[in-house]
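Participant: Following this message is one structure expressed as structure tokens.
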């Protein structure tokens, strides 16, 4: 059982799932939905261009650290 104090310190459910599936990768997401992922930023941008994701609005690009890390960085 998780105590009330440590529940506040946990990242949202999206980040927990993202760390398990995309840990150590860059992701492009829109409304908590991952549209593309890649090992490096250059590769991610190439995938986004090929899928025409670049022209969609409100797409966030960020790095999801491996699950053993305690922080998730999202760049907008």
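Residue numbers (my numbering): 7 to 82. We treat Cβ as the ideally placed atom computed from N, Cα and C, and that holds for glycine.
What is the DSSP secondary structure of residue 36, reduced to helix, strand or coil?
Facilitator: If DSSP states are grouped into helix, strand and coil, residue 36 belongs with the strands.
Participant: What separation, rounded to the nearest whole angstrom, lies between the Cα atoms of residue 54 and residue 26?
Facilitator: So the two alpha carbons sit approximately 22 Å from each other.
Participant: Would you mind working out which of 23, 35, 69 sits nearest residue 62, comparing C-alpha positions?
Facilitator: Checking every option, the nearest Cα to that of residue 62 belongs to 35.
Participant: Whose C-alpha, out of 22, 50, 19, 57, is nearest the C-alpha of residue 83?
Facilitator: As shown, the chain starts at 7 and ends at 82. That puts residue 83 outside it, with no answer to give.
Participant: Could you give the first and the last residue of the continuous beta strand (DSSP E) run that contains residue 67?
Facilitator: From DSSP, the beta strand (DSSP E) with residue 67 extends over 66-70.
Participant: Leaving out five residues before and five after residue 29 in sequence, what residues of the same chain have Cβ atoms less than 7 Å from its Cβ?
Facilitator: Around residue 29: 70, 71, 72, 73.
Participant: Ends of the alpha helix (DSSP H) at residue 53?
Facilitator: Per DSSP, residue 53 belongs to the alpha helix (DSSP H) from 47-56.
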